[in-house]
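Visitor: Pasting a structure here, questions to come.
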Amino acid sequence: KTIPKNSIQINAKEIYAEGDSVCFLLKAWAGGDECSPDLFLKTSNREHIEEILKTENNSLWIGKVKTLRLEDYALEILPKLGIHEENVMEELVLDTYYSKHLTEILKMDNSSIWVGRVKGLKLGWYAIQIIPKLIIHGENVMEGLELGAGKAEHLTEILREENESIWAWEMKALTLKGYAVGILPKIRIDEDSEMKSLVLDSYCYGYISEMLKTENNSLWVGKVKRLVLGGYALGILPKLRIHEENVMEELALYAGKAEEISEMLKAENNSLWVGKVKSLSLRHYAVGILPKLRMHGENVIEKLVLDTYYSKHLTGILKTENNSIWVGKVKSLDLCGRVIEILPKLKLHEENVMEELILYARNIENVAEILKTENKNILVWIGKMKRLDLGGFAIEILPKLGIHEENAVEELVLYAGEAEEISEILKAENNSIWMGKIKRLELIEYAVEALPKLRIHEENEMEELVLIAYYCVYIIEIRGMENSSIWVGKIKKLELDSCAIEILPKLKLHEENVMEELVLSADYLGILKTENKKILIWIEKMKRLKLENSTIEILPKLRMHEENAIEELVLSADYPGHITEILKMDNNSLWLGKMKRLELIQHAVRILPKLKFHDENVMEELSLGADCSEHLTEILGMENNSIWVGKVRKVSLTEHAKRIEDKLNFTLIAPNTQEENGGG
């Protein structure tokens, strides 16, 4: 009490005060006009703020504040705070579980507490009732307003307000959770409002029972880019009135209980207007309302996601006829779990050209419907996708696809996390599943074992083949095969991860193949086994070679000749153990010959002194990237100009790598010339 008022200067990014220290801080602190701190105040004892409550409103100067969070009785001091008129608050958070914490504030007039400009406003539980009391700057643009309430009594006062009486200012995002969904009619949204996001989420019917009594299209929300409705809040969808010119980036609906969509299922099909929607996702019971939605006639869905675990989520929709659920034009369709069963029910626009189909089945029953004889046309349709992604038991439909000679599938991704998911595929003869011409093929985990079963067009030139097998158990069958027994034709880029590297000798490429890039990534050294010597010969012929983690250790094994073919070499190591053996080598002993581009990342930067380049080499670019000094351990202790890299047109050093520029010995060459214009 002896410390003078406004006598303490605090220069800190964050200030926390709890209990009786709240009163002390606000009386003694001289405010934050310059430092704009984050201020967090909390007290559960009213005695701690009684002295403050006797002061005049706006008398406790806090100046400029980035974040202000008040909890429990600390809420009562909000009217007493003096905030700079030019302050722009990043976030204002008010939260309390007890009504007694805001007794005095609720006695105040509406629009009586000045808070200025606020980007983000979060009110929780009883604190929601403060919102009519706030005065926010007239030109304020609020990035987000979030209100959450777990009990009906949290809204007692605010529900007495007139509808559309709470001005929402210019607001980019509105999130209402729990009982707070019920105050949506109280919020006034301008005619020309355009929100980036509107999220309504409630898991109790009581939260929205009154709203469901209102007329359809009675709640104006204007233009909305992203609309998310969860639980019982799904029932509000018919009540919302969306701007007729609105183009929604995303509409996401999810329901965990059948009763959450019971009212919507009573609606006529194609009766719930949602306009133009780019991304539509329906999860669990919400999948059942798909037939009820009506989209703009010219709408093109960029991505349609349907996801459900159980058949009970689809009880009604499975009774509909095939080709009866209109979805129009869809570019990407993602079906997960039992929802795959409704694929025959969907009707697309006759001019639709789907670019991507993703199917993930958790058990064989998920795809049983598609595999029925009467649904052969579905299989033919699937075979015409540009990009096809099959996961889990969905891989089992692969042999059934009616893929013709001039196959349209440009990219095929197969993922199997369990051996049983490819059991039927493995029974097929090698080279028996026709894939035709394909640009990109990615096989993950057990799906790698399907590679020998695929038959690729003899004239095919694959842009990229990616094989990922984190454990050797994923490739038991292939490891037992003879070398050069798996035909893959022409490949421009090959990427092998972990144990999949051991497949390299098994691959048979077209005799005229010129591979442009090889990427190897692993945390083990199985590739250095004696029986894998052919791999090394293969690697030496690459134009672009990328070695990650332990695969860097194969570098000394490569027989780089004087006129080396590798134009670009990228080495990346996450841990010191990945380069242990190379660091034991002498400096300038690891021959790389002529090289156009060299990139070293993280711990791989440490091997730079070990490398030796051709005397006449002119490197287009040397790129070094290090996030911390540990990536430069040995180099930092070396003499300046001691690491020779020769002639270079461009040197790129990022973050900590800039610290070793003086250690490099290079001659900088002007672009498109052979003239020297500088040095390192």
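Residue numbers (my numbering): -3 to 676. Yeah, the Cβ is synthetic: ideal placement off N, Cα and C, and Gly gets one too.
Express the C-alpha separation of residue 658 and residue 628 in angstroms, rounding to a whole number.
Guide: By one-based count along the sequence shown, residue 628 stands at place 632. By one-based count along the sequence shown, residue 658 stands at place 662. Residue 628 and residue 658: Cα-Cα distance of roughly 13 Å.
Visitor: Which residue or residues does DSSP assign as beta-bridge partners of residue 681?
Guide: With the chain covering -3 to 676 only, the question about residue 681 has no answer from this structure.
Visitor: Whose C-beta lies closer than 8 Å to the C-beta of residue 182 among residues of the same chain, with five residues either side of it excluded?
Guide: For the purposes of this step, residue 182 is identified with residue 186 of the sequence shown, where counting begins at 1. The answer, listed in chain order, is 154, 155, 157, 158, 159, 160, 161 and 162.
Visitor: Can you tell me where the beta strand (DSSP E) with residue 545 in it begins and where it stops?
Guide: Residue numbering aside, residue 545 sits at position 549 when the sequence shown is read from its first letter. Note, residue 545: beta strand (DSSP E), 540 to 545.
Visitor: Secondary structure at residue 12, three-state DSSP: helix, strand or coil?
Guide: Residue numbering aside, residue 12 sits at position 16 when the sequence shown is read from its first letter. In the structure shown, residue 12 sits in a strand (DSSP, three-state: E or B).
Visitor: Ignoring anything shorter than 3 residues, give me the beta strand (DSSP E) runs that lie fully in the segment 164 to 221, in order along the chain.
Guide: Listed in chain order, they are 169 to 174, 193 to 198 and 215 to 220.
Visitor: Do you know how far the Cα of residue 427 is from the Cα of residue 378?
Guide: Indexing the sequence shown from 1 puts residue 378 at position 382. Indexing the sequence shown from 1 puts residue 427 at position 431. When rounded, the distance between both Cα atoms is 21 Å.
Visitor: What residues match up with residue 279 in a beta bridge as DSSP calls it?
Guide: For the purposes of this step, residue 279 is identified with residue 283 of the sequence shown, where counting begins at 1. According to DSSP, residue 279 bridges with 250 and 303.
Visitor: Return the chain-ordered ranges of every beta strand (DSSP E) run that is complete within the segment 410 to 460 and spans a minimum of 3 residues.
Guide: Listed in chain order, the complete beta strand (DSSP E) runs (minimum 3 residues) inside the segment 410 to 460 are 429 to 432, 436 to 441 and 450 to 452.
Visitor: By Cβ distance, which residues of its chain are closer than 6 Å to residue 330, with the 5 residues on each side in sequence left out?
Guide: For the purposes of this step, residue 330 is taken as the residue at position 334 of the sequence shown. Counting only Cβ-Cβ distances below 6 Å, and skipping sequence neighbours, we find 301 and 354.
Visitor: Measure the CB-CB distance between residue 496 and residue 465 and report whether it falls below 7 Å.
Guide: The count along the sequence shown starts at 1 and reaches residue 496 at position 500. The count along the sequence shown starts at 1 and reaches residue 465 at position 469. Yes, Cβ-Cβ distance for residue 496 and residue 465 is below 7 Å.
Visitor: Look at the Cβ atom of residue 53, then the Cβ atom of residue 33, and state whether they are nearer than 7 Å.
Guide: One-based indexing of the sequence shown puts residue 53 at position 57. One-based indexing of the sequence shown puts residue 33 at position 37. For residue 53 and residue 33, no; Cβs fall outside 7 Å.
Visitor: Does DSSP put residue 17 in a helix, in a strand, or in coil?
Guide: As a first step, residue 17 must be located in the sequence shown, where it is residue number 21. Looking at residue 17 - three-state DSSP - the assignment turns out to be helix.
Visitor: Taking a contact to mean a Cβ-Cβ separation below 7 Å, would you say residue 686 touches residue 565 in this structure?
Guide: The structure shown does not extend to residue 686, since the chain is modelled only from -3 to 676, so the question has no answer here.
Visitor: Less than 8 Å between C-beta atoms, sequence neighbours within five positions excluded: which residues of the same chain meet that for residue 348?
Guide: Position 352 of the sequence shown, counted from the start, is the residue given in the question as residue 348. Excluding residues within five positions, the ones whose Cβ falls inside 8 Å are 324, 325 and 326.
Visitor: Residue 514: which of 508, 320, 506 and 539 sits nearest, CA to CA?
Guide: If you number the sequence shown from 1, residue 514 lands on position 518. Among 508, 320, 506 and 539, the Cα nearest to that of residue 514 belongs to 539.
Visitor: What whole-angstrom Cβ distance do residue 121 and residue 140 have, given they're in contact under 8 Å?
Guide: To locate residue 121, count along the sequence shown from 1; it is residue 125. To locate residue 140, count along the sequence shown from 1; it is residue 144. Their Cβ separation, rounded to whole angstroms, is 18 Å, which puts residue 121 and residue 140 out of contact at 8 Å.
Visitor: Looking at C-alpha atoms only, which residue of 451, 241, 467 and 313 is the closest neighbour of residue 441?
Guide: The residue labelled residue 441 in the question sits at position 445 within the sequence shown. For residue 441, the nearest C-alpha among the options comes from 467.
Visitor: Does the Cβ-Cβ distance between residue 95 and residue 129 come in under 7 Å?
Guide: The residue you call residue 95 lines up with position 99 of the sequence shown. The residue you call residue 129 lines up with position 133 of the sequence shown. In this structure, residue 129 does not lie closer than 7 Å to residue 95 by Cβ.
Visitor: Please report the distance separating the alpha-carbon of residue 344 from that of residue 487.
Guide: In the sequence shown, counting from the first residue as 1, residue 344 sits at position 348. In the sequence shown, counting from the first residue as 1, residue 487 sits at position 491. Looking at the two C-alpha atoms, the distance is approximately 35 Å.
Visitor: Give the secondary structure of residue 295 by DSSP, where H, G and I count as helix, E and B as strand, and everything else as coil.
Guide: Taking the first residue of the sequence shown as position 1, residue 295 is located at position 299. Of the three classes helix, strand and coil, the one that applies to residue 295 here is coil, per DSSP.
Visitor: Where does the unbroken beta strand (DSSP E) through residue 79 begin, and where does it stop?
Guide: Position 83 of the sequence shown holds residue 79. Looking at the DSSP string, the run of the beta strand (DSSP E) that includes residue 79 is 77 to 79.
Visitor: Could you tell me which of 309, 289, 234 and 142 sits nearest to residue 280, measuring between CA atoms?
Guide: Stepping through the sequence shown from its first residue, residue 280 is reached at position 284. Here the closest residue by C-alpha is 309.
Visitor: Taking the alpha-carbon positions, what's the residue 173 to residue 226 distance?
Guide: Numbered from its first residue, the sequence shown carries residue 173 at position 177. Numbered from its first residue, the sequence shown carries residue 226 at position 230. Between residue 173 and residue 226, the C-alpha separation is close to 9 Å.
Visitor: Does the distance from the C-beta atom of residue 599 to that of residue 625 stay below 7 Å?
Guide: Counting from one through the sequence shown, the residue named residue 599 turns up at place 603. Counting from one through the sequence shown, the residue named residue 625 turns up at place 629. Cβ distance not < 7 Å, so residue 599 and residue 625 don't count as in contact.
Visitor: DSSP on residue 591, reduced to helix/strand/coil?
Guide: Position 595 of the sequence shown, counted from the start, is the residue given in the question as residue 591. Three-state result, residue 591: coil.
Visitor: Would you call residue 317 buried or exposed, if buried means 16 or more other Cβ atoms sit within 10 Å of its Cβ?
Guide: Along the sequence shown, read from residue 1 onward, the residue named residue 317 stands at position 321. Classification for residue 317: exposed.
Visitor: Near residue 509, what residues of its chain come up, given a Cβ to Cβ distance below 8 Å and the 5 sequence neighbours on each side ignored?
Guide: Against the sequence shown, residue 509 aligns to sequence position 513. Cβ within range, chain order: 485, 486 and 487.
Visitor: Which partner residues of residue 125 appear in the DSSP bridge assignment?
Guide: Reading the sequence shown from its first residue, position 129 is the one you call residue 125. DSSP, once it has assigned bridges, lists no residue as partnering residue 125.
Visitor: Mind checking who residue 137 pairs with in its DSSP beta bridge?
Guide: On the sequence shown, position 141 is the one that residue 137 refers to. Residue 137 pairs with 166.
Visitor: Would you call residue 666 buried or exposed, if buried means 16 or more other Cβ atoms sit within 10 Å of its Cβ?
Guide: For the purposes of this step, residue 666 is taken as residue 670 along the sequence shown, with counting starting at 1. When all chains shown are included, residue 666 counts as exposed.
Visitor: Between which two residues does the alpha helix (DSSP H) harbouring residue 363 extend?
Guide: For the purposes of this step, residue 363 is identified with residue 367 of the sequence shown, where counting begins at 1. Segment 361 to 364, the alpha helix (DSSP H) holding residue 363.
Visitor: Using only CA atoms, which one of 149, 196 and 150 lies nearest to residue 169?
Guide: In the sequence shown, counting from the first residue as 1, residue 169 sits at position 173. The shortest C-alpha separation from residue 169 is found at 196.
Visitor: DSSP on residue 576, reduced to helix/strand/coil?
Guide: Numbered from its first residue, the sequence shown carries residue 576 at position 580. Residue state, collapsed to three classes: helix.
Visitor: Starting from residue 49 and walking both ways along the alpha helix (DSSP H), at which residues does that stretch end?
Guide: Along the sequence shown, one-based indexing puts residue 49 at 53. Residue 49 -> alpha helix (DSSP H) spans 46 to 49.
Visitor: What would DSSP say about residue 61, mapped onto helix, strand or coil?
Guide: Here residue 61 corresponds to residue number 65 of the sequence shown, with the count starting at 1. If DSSP states are grouped into helix, strand and coil, residue 61 belongs with coil.
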